[in-house]
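One line per chain: the protein sequences are Y and L, in this order. Going by the working numbering, the first sequence opens with residue 1160, and the numbers climb by one from there. Going by the working numbering, the second sequence opens with residue 1098, and the numbers climb by one from there. Glycine is no exception: its CB is placed at the ideal position from the N, C-alpha and C atoms.
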Amino acid sequence: MWIKHNRRLLAKVLLLLVILVIGGVTVSGCYGRSQPKGWSGAIIADDTLFVGSIDGSLVALNKSDGNILWTSESEIESEMVIYGTPVVAGDLVYAGGYNGRVYAVTSSTGALRWVYPREGNLEPIVGGVVVSQGMVYFGCSDGKVYALNAITGDRVWQSFETGDKIWSTPVIDGETIYISSFDNKLYALDANTGSEKWVFDEAGGAIAATPLVYNNTVYIGSFDRYLYAVDTTSGSLRWRSEVEADKWFWAKPVVYNNVIYAPNLDGRVYILDANSGREVASAVELDSPISSDAVVVDGKVIIASQEGKIYSLDTSNNQVGLLRNVGDDGQEIYAPLCASDGAVYIHAQSSNQDTLYALNAQTGLEVWRPVSLSSK
Amino acid sequence: MLELWSSGPVALMLNTLIALSSYLFGSFGLTIIVLTIIIRGAMYPLTVKQLRATRAMQALQPKIAELQKKYAKDKQRLAQEQMKLYKESGVSPAGCAVPMIIQMPIWIALYQSIIRVLAVTPEALLGLSRYLWSWPVVYFMLPLDSHFLWFDLAATSNMPLAILVGATMWLTQKMVTPTTTDPQQRSQSQLMLWMMPLMFGFIAMMVPNGLALYWAVSNVISIVIQYFVLGGWGGLARAGAGKYVVPSSKDVKVRVAEAETATSISAMEADIVDTGSTEEEESGYGGAGDKRQLGGGGYPASLRAFKSRSRRSKGHRPKRR
């Protein structure tokens, strides 16, 4: 009876509910696209390859055939998201998580050895960790640099604080840590004490890229669209790139024969003289933004664009050729590339799955069949 | 199509937001507030048009309800009579919807750009770079400082902010909700009055706080605009000091007969004066806003007559008891 008298009201309620659902889906859809998934690169130690998958697991694979040896998902938290490439030192594999925790697992089984902090968590960790002389170093979104004992996971020195988020991976050279921050600065810290050696503050934008240290110089790209060369001893500017890119420098540059190859989000690879910053050749234009770190294999720079194309740039003539297009498989590439014994390992991902490719760096042929890493 | 949308209106809004923040001490919270005020200001004429059209439609609701009842079995005749009523009263049903439809893409672009600029995750920041224009300031400003007042604009689940969104939306809705003696209309009004604030309050908990801030600011601006356009607090004033009653179906039987013969708003005016009570004077619809309508206000002569009479009754005629 009530329904009969209120049919119009019910219809309007239903219409309103439909609008609410559509609105909710639209809003959550826009927001949902930005859910963190991670873009861990791969690393090789002995005959094992370690990589973080987009479902938050650390995965160990046999380097020779791609067979999965173990996944750590039962050992570490399921909600972990890994952006930084894992690091192997001794019998442990180290990885930082977007959940604000650093994990050390045994390289043979993936069993958890320690986690830092033991209680609670830090702000998200986006950059990778580095291990040197029994210490684990990493930067965090809280703007601090941490140093832990690699065996126990205990903090060694009071964390050094920068002015903004740190999303890059620190680089160790001798007794010095180089790390960049969103506060537009590049820092050089004493690896033993965490004290500041110098700070470079002449960049005009935030720095998310990991520095390259080569020949007493730190090379770093900034959001102000310039590449900088900084003296490792004094922290003074050696040069700022002659050319201004169209977009941010996000990926770490590589060097070969005193030439810097700097990928940019404008889809170009800038080719600069390491001593002067002048362009030694016109920038090579690829199909889409480049955010993954490149590698050098036998005189060729292997570069991956976000849309899944893997290119080989011949350093002798700066000609570029397409090695493989994993974009055809619906995959994109954000993770740093990894090279070993003439092969390049690429961690590609789509919205709900990720795949590890092993390609011959010269021919682009598969070394072994692509391996699906995540179970999502 | 989606790419065109993202690289067009969304990119325009997004780059404007970032550039504007450079003049506002790099505060993204302040930028959201200022840009919302600018856009709401630019769309003020459309908002006013929509409010007035909505008000005119509300004034016709009793007659429409009666027509629906009378011609429930003759849809064609009902449509004809409704069209006739609209035509004679000079009210267009599209008058409410068109300004809103025009504004919708701008709101969607604004909130999508806020979400993108906040760049909560590394993927979002990386994706943002695709839509940046070659203005140096845009590159220098990013990533923006997401802290504003006591909260992080990029974080979620800020309960005080969600309550603020829900409360301001309730006030906005309440101001434009007419009181009616018709149980069905009252149910619908109550449903809208509570459903929208609850929904937006709930969604505000799930989206980044920057978006919730935008909703809260936008609601406050709506309240201010409505105050001036409606000439007072509208439904809020009625809630606090008596009720203006939109006549129920039973109250307007006389008007049905008039609708069949010579529908005119002046006749309706007489009915409303008869069926309304002294509480009409407390109605927010009888305030400063009517002064504007005396001068025309975009209304047809029939509606202007209705409104001017209403105003006259306020100060110069003894109340009926």
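Quick one: grab the DSSP three-state call for L1524 (chain Y).
coil
Going by the beta-carbon positions, is the gap between F1382 (chain Y) and A1404 (chain Y) smaller than 8 Å?
no
Please return the same chain residues whose Cβ sits closer than 7 Å to the Cβ of E1444 (chain Y), not counting the five positions on each side in sequence.
G1426 and R1427
Distance, Cα to Cα, K1468 (chain Y) vs A1191 (chain L)?
50 Å
Smallest Cα separation from F1359 (chain Y): which of Y:T1376, Y:S1212 and Y:A1494?
Y:T1376
At 9 Å on the CB atoms, spell out the chain Y contacts of R1227 (chain L), in chain order.
K1406, L1424 and P1448
Which residues, in order along the segment 1358-1370 of chain Y, keep a beta-carbon less than 7 Å from a beta-carbon of chain L?
G1363, G1364 and A1365
Considering Cα atoms alone, identify which of L:I1115, L:A1206, L:Q1165 and L:R1149 is closest to V1195 (chain L).
L:R1149
With distances taken Cα to Cα, identify the nearest neighbour of F1341 (chain Y) among Y:R1272, Y:A1309, Y:K1303 and Y:V1485.
Y:K1303
P1195 (chain Y) versus chain L: which residues are under 8 Å apart at the beta carbon?
T1218, P1219 and E1220
With the cut-off set at 8 Å, would you say T1391 (chain Y) and D1332 (chain Y) are in Cβ contact?
yes
For F1382 (chain Y), which residues in chain L fall below 7 Å Cβ to Cβ?
Y1236 and L1239
Does the CB of Y1242 (chain Y) have a neighbour CB from chain L at under 8 Å?
yes
Among L:A1251, L:F1245, L:K1181 and L:L1143, which one has its Cα closest to the Cα of R1213 (chain L)?
L:A1251
For A1204 (chain Y), which residues from the same chain have a beta carbon less than 7 Å from its beta carbon, with the 5 sequence-adjacent residues on both sides left out?
V1247 and S1266
Name the chain Y residues that come within less than 7 Å of S1231 (chain L), Cβ to Cβ?
D1405
Under 8 Å Cβ-Cβ, which residues of chain L neighbour W1409 (chain Y)?
L1223 and S1226
From Y:A1502, Y:A1507, Y:K1324 and Y:R1528, pick the residue whose C-alpha is nearest to that of C1299 (chain Y); which is it?
Y:K1324
Report the neighbours of F1297 (chain Y) on chain L: residues whose CB is nearer than 7 Å to its CB, in chain order.
Chain L residues near F1297 (chain Y): none, gap ~15 Å exceeds 7 Å.
Hey, Y1262 (chain Y) and V1285 (chain Y): beta-carbon distance below 8 Å or not?
no
Let's test the definition: count the other Cβ atoms within 10 Å of the Cβ of A1113 (chain L) and tell me whether it reaches 16, buried, or not, exposed.
Checking the displayed sequence, the identity of residue 1113 (chain L) turns out to be Thr instead of Ala. When all chains shown are included, T1113 (chain L) counts as buried.
Range of the contiguous alpha helix (DSSP H) that encloses W1407 (chain Y):
Counting along the chain, W1407 (chain Y) falls outside any alpha helix (DSSP H), and DSSP gives it neither H nor E.
Contacting residues, own chain, Cβ-Cβ under 6 Å from D1206 (chain Y) (five flanking each side not counted):
K1222
Who are the neighbours of W1326 (chain Y) on chain L, taking C-beta pairs under 9 Å?
P1219 and L1222
Which residues does DSSP pair with N1308 (chain Y) in a beta bridge?
Y:M1294
Would you check if the segment 1506-1515 of chain Y and the segment 1485-1492 of chain Y touch, i.e. whether three or more CB-CB distances between them fall below 8 Å?
yes
Limits of the unbroken alpha helix (DSSP H) element including Y1236 (chain L):
P1233 to M1238
Quick one: which chain L residues come within Cβ less than 7 Å of V1285 (chain Y)?
P1219
Host beta strand (DSSP E) of I1366 (chain Y) (start-end):
It is not in any beta strand (DSSP E) - I1366 (chain Y) carries neither H nor E in the DSSP assignment.
What does a CB cutoff of less than 6 Å around A1221 (chain L) pick up in its chain, not counting 5 residues either side in sequence?
none
Between the Cα of S1531 (chain Y) and the Cα atoms of Y:A1517, Y:V1372 and Y:V1315, which residue gives the shortest distance?
Y:A1517
Taking only beta carbons into account, state which residues of the segment 1194-1216 of chain Y come closer than 9 Å to chain L, listed in chain order.
Q1194, P1195, K1196, G1197 and W1198
Inter-stretch contact (C-beta, 8 Å, three-pair minimum) for the segment 1114-1128 of chain L and the segment 1224-1239 of chain L:
yes
Proximal residues of chain L, C-beta to C-beta of F1341 (chain Y) below 8 Å
P1240
Which residues in the same chain have their Cβ closer than 7 Å to the Cβ of A1216 (chain L), if we skip the five residues on either side of it in sequence?
L1222, L1225 and P1240
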